Every structure is written in structure tokens, then in C-alpha cells.
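Q: Protein chains in written order, with my numbering: chain B, 1 to 336; chain D, 1001 to 1285. Questions regarding the structure given below will be posed in turn.
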Amino acid sequence: MTRSIIIAGPVLAALCVPATGRAQPVAPPPGGGRGAAPASYPPYTRPVSTFVPPKTADGQPDISGLYLAIPLPRGIETPLVPIQNRPNRANSEFSFSLNERPKLPDGAQVRPVGVDPPDGKIPLTPAALARRKEIIANQEKIEYLDGRVLCLAPGIPRSTIPAPVVGYQILQKPGYVVIFYEQNHLYRTIPLDGRPPLDPHIRKAMGVSRGRWDGNVLVVEVTNFTTNLDNNWVIGAISATPGVPAESLTTGHGIPHSDQYKVTERYTPIDANTIHYEATIEDPSVFTQPWTIAYYAFARAPKDYVPVEYACFEGNDKNLLLMTNTDISGIRVQVP
Amino acid sequence: MSKPLARIGGAIGLALLATATARVGRGEPLAGASARQAQSPARGASPRPAAPNASAYSGPRTPDRKPDLNGIWQVLGTAHWNLEAHSASEGVPAGFSVVEGGTIPYQPAALARRNENFKNRLTADPLRKCYLPGVPRAMYLPLPFEITQTPKHILIAYEFAHATRTIFLDGTPHLEDLDFWMGDARGKWEGDTLVVDTASLGDKTWFDEAGNFHSDALKVVERFTPTDATHVAYEATIDDAKVFTRPWKMTMTLYRRVEKNLELLDYECAEHVYEKLFKGRGGQP
Chain B
1 MTRSIIIAGP VLAALCVPAT GRAQPVAPPP GGGRGAAPAS YPPYTRPVST FVPPKTADGQ
61 PDISGLYLAI PLPRGIETPL VPIQNRPNRA NSEFSFSLNE RPKLPDGAQV RPVGVDPPDG
121 KIPLTPAALA RRKEIIANQE KIEYLDGRVL CLAPGIPRST IPAPVVGYQI LQKPGYVVIF
181 YEQNHLYRTI PLDGRPPLDP HIRKAMGVSR GRWDGNVLVV EVTNFTTNLD NNWVIGAISA
241 TPGVPAESLT TGHGIPHSDQ YKVTERYTPI DANTIHYEAT IEDPSVFTQP WTIAYYAFAR
301 APKDYVPVEY ACFEGNDKNL LLMTNTDISG IRVQVP
Chain D
1001 MSKPLARIGG AIGLALLATA TARVGRGEPL AGASARQAQS PARGASPRPA APNASAYSGP
1061 RTPDRKPDLN GIWQVLGTAH WNLEAHSASE GVPAGFSVVE GGTIPYQPAA LARRNENFKN
1121 RLTADPLRKC YLPGVPRAMY LPLPFEITQT PKHILIAYEF AHATRTIFLD GTPHLEDLDF
1181 WMGDARGKWE GDTLVVDTAS LGDKTWFDEA GNFHSDALKV VERFTPTDAT HVAYEATIDD
1241 AKVFTRPWKM TMTLYRRVEK NLELLDYECA EHVYEKLFKG RGGQP
């Protein structure tokens, strides 16, 4: 039965990978390319929440519980064609479809998640854009593959970009917020005691988190991300639109970060059921300026939802063989 | 989305469940284990009184009056390399047996397979493929793990391969049609002892690097008995009628890591697989 869990790995992987290396080329949208006038959205304003959560035993705002991802527009960046509809089963503009889905709060705007700079574009340096073109053009090679398809821990904020298997358990214990991600059994422990950052020689795939409560908003600075591999991309929706060249991609794929990468997150409880998420992303080696994504991220899960194990790497060798003709099944590594 | 897919394996899961049910019918696992425990307490532990709330535990407690297990823990010892007594070999420290009675009670054919596993261990140990370590092996890897404790759940985050366990304390039963590398763990407090019953473990993990193994009939019952603020007497009763002649028990001590500002770091095993692959292909472009 273990094998049945493994089946999900390739399926998710197929959803995640930009298919540009394999799919039939598709012409970019009319007037395509980064120079074209994008669809316009009103300027982003950070939501002001009047909701006051209960308190934990140690006095933190209590946002603990089991949440599900709210489906997002597929575009990280502003698309050339405005998003027409709210999420529903048939609307492929959204990150995933399920029969029952968490709902956006009333009045929440459906828009791409890139909210700053106001043009909604990821402010890549010329070198980062060139690297992105190289990555997107070489997706049949495992060296260029999305780390999420390799079943690596995808870092922050990518772990909060919705995918079909995305329960989030938020736990709180004195001095800490702990997040368990159902996807690929990821976790983070976020200390709230103001401790200093770790030595820059220590790096983690999910970064090193330092949190504090700003009123009822959890603010987390994440640094010390690993740079062992270039496959850990900053962001990326489920899948890129097949055939779209890198300069027209709006799905965020193909952007590795440097060792200067830093993310500042804000988790804002909007009501008893909904958490709004904002992340400001900085990396002077990759971006010309800090940029920000924001969206309604988490909705409290139905009572009957049970998180299960998502074993991603186990058995993914078959998927990688199919996708890249690379056999990793014979590789053995030293363990401590 | 994984759930409908996961249910493809329902038939196998049901077969596993049927096996488990049959074993319960023999009346062995739980009752037998606790009876033996009363006679031979874990090394370093006080004998556990049968009555709840009559505990010798004097460490900190959570708001719901349970022993506070929050924090980072680690086993010191050599169980990860070999559960049984062994001399040192290259890269492997010598160690005492953690198995009650010293030796694992294999059926003859299973012992032959364990010995074959041992010969092939450097390639056959699933951990060297960076697979999830399973239970109980995750508990005694030579890497720390962090416990987050609430009244309804105990979550364990392991430094190795960012493995996790969620132990449900909410009285919900095991899932019936799924199987997990890290098992399906349901726990309850018996006085100050946390008792965790883990099922649906599959047959793809080993107990140690020496090739000690199990089948898909494995059931593990763990008892976490804190003796003070920094020590937990840990025991795991292993029940697998396809491999062993009887249930058997391993005991060890969990030590609280008390270094200031300690936090879990990474052993992102899969990264090292790809590093090795890319290096062999001339490096990542």
C-alpha cells in the first residue's frame, strides 16, 4: 500500500513542472512578452483585520489549528489577460480544483499574488532573467528541474503556494509557533524569543525562522536558506503554461535564489477561519528591488479532514526516469 | 488529491488490517507487553506503578497537567547501527544490545534474511536511499528530534530528511485503508506514560543499519515514561508474527538536549543524492 502513496509523487510532479521543454509550443498571448501592457488591478492595500483571536496559555494570539490552502490564481505575476472568474471546478486559471474548496472571505479580491511592485512583475536582474530563460529551456534535464519535482523541501514562500495536497497544521507552544505542512511532510519551528539569527554557515532548505507577534499579526523573518542546489526556486504556482517563453511566464517558475535570500512573512488572522499571508522577498543578487506577494492563504479545514503522510521522495525515481531519462535508483549516500 | 490516489492501495491496506485483527485475536500484543514491563523496568527508569497519577515524575507539566515533553530530544547509543550487541567496525561504534533478552527472536527463515541484509547493508539499507526511516528507527537515529505537544496531538519533527510523525491523542481510530512510511500513530496518556500504538507501517523500512527488518504485519507500541525534566524511559514493543516468534521489546533513554538556543538543523538527505548525481555528471550548470 505504500506504493499507492508513491503514485501521488509523479502526479504532483507532473502538475508542478513547467512543461515548456516537452509540450507543443504555444504562441504567447497576443502582444506577449514582458513589454506588453498587462492587465491592471487596483493597488494592493494590506487588509486591516479587526478580528481578535483568543489567547494561548502563554499569551500569544491563538491561531492554532488545521488549515487548508485557498486556491490561488495560477499567475504569480500579473497576467496579460485579466482573471475573469472566481475559483470553481472548471476554471484552470486557479491553482487547483477540488469538489469542496475553502472560500475566500467576502470582499476579497481575486488577483495575482504579486502585489508590489505595482506592475505585478517579479523585478529580476538581467542576469536572473537570463538564468531563468536557460532553466525554462532545459526542463528535460534533471539539473534544471524544479526542486519541488525533485521532492526537495521547497523553502519559503513556496511552501505556502497552494497545491492539491496542502493541509497546514499550525501549533503553538510557549515561545514558539510550529507549522507542519502536509505536503512533503515539511515543518518549521519559529522561535518568538528574539534570539539572534544563526551563523551564516548554517543553512536550511526551509530557511531559519525568527518570529514575533505584531499585535495579532505573526511576523517571521526567514534567512539562512540553503544553496546546495540551484533547483530550489523562490516561487512557482502549480504548473507553468506549456510553451510560454521565460520572459512571458507569469507563474513564477525558474528563479533560484542566492545566499543573500531573505523573506519577511506576515500572517494576519482575518476571522476565526481565515489567515491572510504576505511575504516580502529580497535578494540583491537576483532582484532589482524587494517585491511582495499577498493572498488569502489558509482556511480552517473541515472537521472531518485528516492530514496524511505525503511521502514524496520515496519512489520518485520512477517519475524522474520518465521525465528526464535519469536513473537515480542506484545512488546511495552516507547517513550519519 | 493524494487521498483518492492513496486509496488505490486499499486492498493491500485491508489485507494488512486483517492481519492486525487476527493478531489481536491471539491476545498477545498489548497485555503481554505491559506485563513484562512491570517485571523489568527500562534501564534508568523507576518501576512504573500501575495506578495512574501515582507517578514519580516531578518535572514540568503542561496546562492540562501532562508531563511536558516539548523540546528537543535525542537518543545516545548505537541502536541505529545495530539493535543487538556488537563490536566496533569501520564507522560503527561498539554497543550494547537494546533488545530485552539481548537477541531479537527471529523465525529461522527471517534470521537468514536478516543475515543476508547485513551482508548487503551498505547498499540495501533503505536509509541510504534517503527513504523515510520508519518507526521506531526514527526515534534512535543519531540526530535530534523536536516534540510539540498539545492536548490532542503530539507532533514529532525529525532532523533526518525532515521526517515527521503526528500522534493523535483525540481518541480517533487508525485509518483503515492507508499505509505510511512513518506509520499511523494513535496515543493516549496512562498516568504519566504516553502510550503510542503505531500501525500501517508497510514493509519497506529497517530497524537499523545491521539489516534487522520487519514485514507489513508490524505493529509498534511505544511507551514514553518521563522520569524527570530531561529523561524519558522509552520502550518499543515490536509485534510482527510473520518475522518473529513472539513480540519483543527494545528499551533506551531519550535525553533532552539542554543547550541554549538549540534548534533543529537539516539533514536533507535527498539533496545529497542529487549533489552526488550532478557531481557524477560534471556538476550542476
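The beta carbon of each residue, even a glycine, is placed where N, CA and C say it ideally should be. Note that this is a predicted model, so its numbers are computed, not measured.
Is the separation between the beta-carbon of T189 (chain B) and that of A1161 (chain D) shorter than 8 Å?
A: In the first sequence, the residue the question calls residue 189 (chain B) occupies position 189. In the second sequence, the residue the question calls residue 1161 (chain D) occupies position 161. No, these two residues do not count as a Cβ contact at 8 Å.
Q: Rounded to a whole number of angstroms, what is the C-alpha to C-alpha distance between W1073 (chain D) and P1144 (chain D)?
A: As a first step, residue 1073 (chain D) is located in the second sequence; it is residue number 73 there, counting from the start. As a first step, residue 1144 (chain D) is located in the second sequence; it is residue number 144 there, counting from the start. Answer to the nearest angstrom: the Cα atoms are 6 Å apart.
Q: Using 8 Å as the limit for Cβ to Cβ distance, is E1090 (chain D) near chain B?
A: Here residue 1090 (chain D) refers to the residue found at position 90 when the second sequence is read from its first residue. Judged by the 8 Å Cβ criterion, E1090 (chain D) is not in contact with chain B.
Q: If you run the structure through DSSP and keep just helix, strand and coil, what is A1255 (chain D)?
A: What you label residue 1255 (chain D) is simply residue 255 of the second sequence in a count that begins at 1. In the sequence as presented, Ala is not what sits at residue 1255 (chain D); that position holds Tyr. If DSSP states are grouped into helix, strand and coil, Y1255 (chain D) belongs with the strands.
Q: Hey, out of B:S40, B:T45, B:T125, whose CA is closest to Y277 (chain B)'s CA?
A: Locating residue 277 (chain B) in the first sequence gives position 277, counting from the first residue. Cα-wise, what sits closest to Y277 (chain B) is B:T45.
Q: Quick one: what's got a C-beta closer than 8 Å to A1079 (chain D)'s C-beta in the same chain, skipping five residues either side?
A: What you label residue 1079 (chain D) is simply residue 79 of the second sequence in a count that begins at 1. Correct list, in chain order: G1095, V1098, Y1140, D1208, M1250, M1252.
Q: Can you pull the chain B residues whose beta carbon is under 7 Å from the beta carbon of F1278 (chain D), in chain order?
A: Against the second sequence, residue 1278 (chain D) aligns to sequence position 278. Within 7 Å Cβ-Cβ: E143.
Q: Do I331 (chain B) and K1276 (chain D) have their CB atoms nearer than 8 Å?
A: Stepping through the first sequence from its first residue, residue 331 (chain B) is reached at position 331. Stepping through the second sequence from its first residue, residue 1276 (chain D) is reached at position 276. Yes.
Q: In its own chain, which residues sit with a C-beta less than 6 Å from the C-beta of R1026 (chain D), not counting the 5 before and 5 after it?
A: Within the second sequence, numbered from 1, the residue matching residue 1026 (chain D) stands at position 26. Confidence at R1026 (chain D) is low in this model, with a pLDDT of 32, below 50, so its placement is unreliable and the value that follows should be read with caution. Here the set comprises nothing.
Q: I need the DSSP call for F1278 (chain D), collapsed to helix, strand or coil.
A: In the second sequence, the residue the question calls residue 1278 (chain D) occupies position 278. In the structure shown, F1278 (chain D) sits in a helix (DSSP, three-state: H, G or I).
Q: Strictly by DSSP, which residues pair up with P1067 (chain D)?
A: For the purposes of this step, residue 1067 (chain D) is taken as the residue at position 67 of the second sequence. DSSP lists D:R1061 as partners of P1067 (chain D).
Q: Taking the alpha-carbon positions, what's the G315 (chain B) to L150 (chain B) distance?
A: Residue mapping note: residue 315 (chain B) aligns to position 315 of the first sequence, counting from 1. Residue mapping note: residue 150 (chain B) aligns to position 150 of the first sequence, counting from 1. Whole-angstrom Cα-Cα distance: 11 Å.
Q: Based on DSSP bridge pairs, tell me the residues matched to H1153 (chain D).
A: Position 153 of the second sequence holds residue 1153 (chain D). In DSSP, H1153 (chain D) forms a bridge with D:F1168.
Q: So, helix, strand or coil for Q1074 (chain D), using DSSP?
A: Your numbering for residue 1074 (chain D) matches position 74 in the second sequence. Q1074 (chain D): strand per DSSP, three-state reduction.
Q: So what does DSSP say about Q1039 (chain D), is it helix, strand or coil?
A: By one-based count along the second sequence, residue 1039 (chain D) stands at place 39. Caution applies to Q1039 (chain D), whose pLDDT of 38 falls short of 50 and renders its modelled position unreliable; the value that the coordinates give is listed next. Here Q1039 (chain D) sits in helix by DSSP.
Q: Short of 7 Å Cβ to Cβ, which residues in the region 1248-1277 of chain D face chain B?
A: Listed by position along the chain: N1261, E1263, L1264, L1265, D1266, Y1267, E1268, C1269, A1270, E1271, H1272, V1273, Y1274, E1275, K1276, L1277.
Q: Residues of chain D with CB closer than 7 Å to the CB of P307 (chain B), please, in chain order.
A: As a position in the first sequence, residue 307 (chain B) is number 307, starting the count at 1. Against P307 (chain B), the close residues of chain D are T1166, in the order they occur along the chain (beta-carbon pairs closer than 7 Å).
Q: At least one CB of chain B closer than 8 Å to the CB of T1162 (chain D): is that the case?
A: As a working mapping, residue 1162 (chain D) is identified with position 162 in the second sequence. A small correction: the amino acid at residue 1162 (chain D) is His; Thr does not occupy that position in the sequence shown. Answer yes: the Cβ-Cβ gap between H1162 (chain D) and chain B drops below 8 Å somewhere.
Q: Classify P1126 (chain D) as helix, strand or coil using the three-state DSSP reduction.
A: Residue numbering aside, residue 1126 (chain D) sits at position 126 when the second sequence is read from its first letter. Helix at P1126 (chain D).
Q: For chain B, is any of its Cβ atoms less than 8 Å away from the one on S1182 (chain D)?
A: Stepping through the second sequence from its first residue, residue 1182 (chain D) is reached at position 182. In the sequence as displayed, the identity of residue 1182 (chain D) is Met instead of Ser. It does; some Cβ of chain B falls within 8 Å.
Q: Please classify F1224 (chain D) as buried or exposed, where buried requires at least 16 neighbouring CB atoms within 10 angstroms.
A: Position 224 of the second sequence, counted from the first residue, corresponds to residue 1224 (chain D). Answer is buried; the Cβ neighbour count reaches 16.
Q: Which residues in chain B have a C-beta closer than 8 Å to the C-beta of A1157 (chain D)? List them in chain order.
A: As a working note, residue 1157 (chain D) is residue 157 in the second sequence. Ordered by position in chain B, the residues that pass the 8 Å Cβ test against A1157 (chain D) are V178, F180, Y187, T189.
Q: Can you tell me whether R347 (chain B) is helix, strand or coil according to DSSP?
A: Missing from the structure shown is residue 347 (chain B); chain B here goes from 1 to 336 and no further.
Q: Helix, strand or coil, according to DSSP, for N1120 (chain D) in the structure here?
A: As a first step, residue 1120 (chain D) is located in the second sequence; it is residue number 120 there, counting from the start. It is coil, neither helix nor strand.
Q: In the DSSP output, which residue or residues are listed as bridge partners for D193 (chain B)?
A: Your numbering for residue 193 (chain B) matches position 193 in the first sequence. BP columns for D193 (chain B) are empty, so no partner.
Q: Counting only C-beta atoms, is T227 (chain B) closer than 8 Å to chain D at any point?
A: Here residue 227 (chain B) refers to the residue found at position 227 when the first sequence is read from its first residue. Not one chain D Cβ lies under 8 Å of T227 (chain B).
Q: In chain B, what lies closer than 7 Å to T1148 (chain D) by C-beta?
A: Counting from 1 along the second sequence, the entry for residue 1148 (chain D) is found at position 148. Within 7 Å Cβ-Cβ: L171, K173, V178.
Q: Taking only beta-carbon atoms, is P336 (chain B) less than 8 Å away from chain D?
A: For the purposes of this step, residue 336 (chain B) is taken as the residue at position 336 of the first sequence. Judged by the 8 Å Cβ criterion, P336 (chain B) is in contact with chain D.
Q: So what's E247 (chain B) in DSSP terms, helix, strand or just coil?
A: What you label residue 247 (chain B) is simply residue 247 of the first sequence in a count that begins at 1. Residue state, collapsed to three classes: helix.
Q: Kindly indicate which three-state DSSP category Q172 (chain B) falls into: helix, strand or coil?
A: The residue you call residue 172 (chain B) lines up with position 172 of the first sequence. DSSP places Q172 (chain B) in strand when its eight states are reduced to three.
Q: Residues of chain D with CB closer than 7 Å to the CB of K204 (chain B), please, in chain order.
A: On the first sequence, position 204 is the one that residue 204 (chain B) refers to. The answer, in chain order, is L1265, D1266.
Q: Which chain B residues are close to Q1284 (chain D), counting only those with a beta carbon under 7 Å from its beta carbon?
A: Locating residue 1284 (chain D) in the second sequence gives position 284, where the first residue counts as 1. What Q1284 (chain D) touches in chain B: E143, L229, D230.
Q: Identify the contact partners of Q328 (chain B) in chain D, using a Cβ-Cβ distance below 7 Å as the criterion.
A: The count along the first sequence starts at 1 and reaches residue 328 (chain B) at position 328. The amino acid at residue 328 (chain B) is misidentified as Gln; the sequence shows Ile. Per Cβ cutoff of 7 Å: V1273, L1277.
Q: What does DSSP give as the partner residues of Y1267 (chain D) in its beta bridges?
A: Residue 1267 (chain D) sits at position 267 when you count from the first residue of the second sequence. Beta-bridge pairing links Y1267 (chain D) to D:F1160.
Q: Assuming contact is defined by CB atoms lying nearer than 8 Å, are I354 (chain B) and S64 (chain B) in contact in what I supplied?
A: An answer regarding residue 354 (chain B) cannot be provided, because it is not within the stretch 1 to 336 covered by chain B.
Q: Starting from L1194 (chain D) and walking both ways along the beta strand (DSSP E), at which residues does that stretch end?
A: Residue 1194 (chain D) sits at position 194 when you count from the first residue of the second sequence. Where L1194 (chain D) is concerned, the enclosing beta strand (DSSP E) stretches over 1193-1199.
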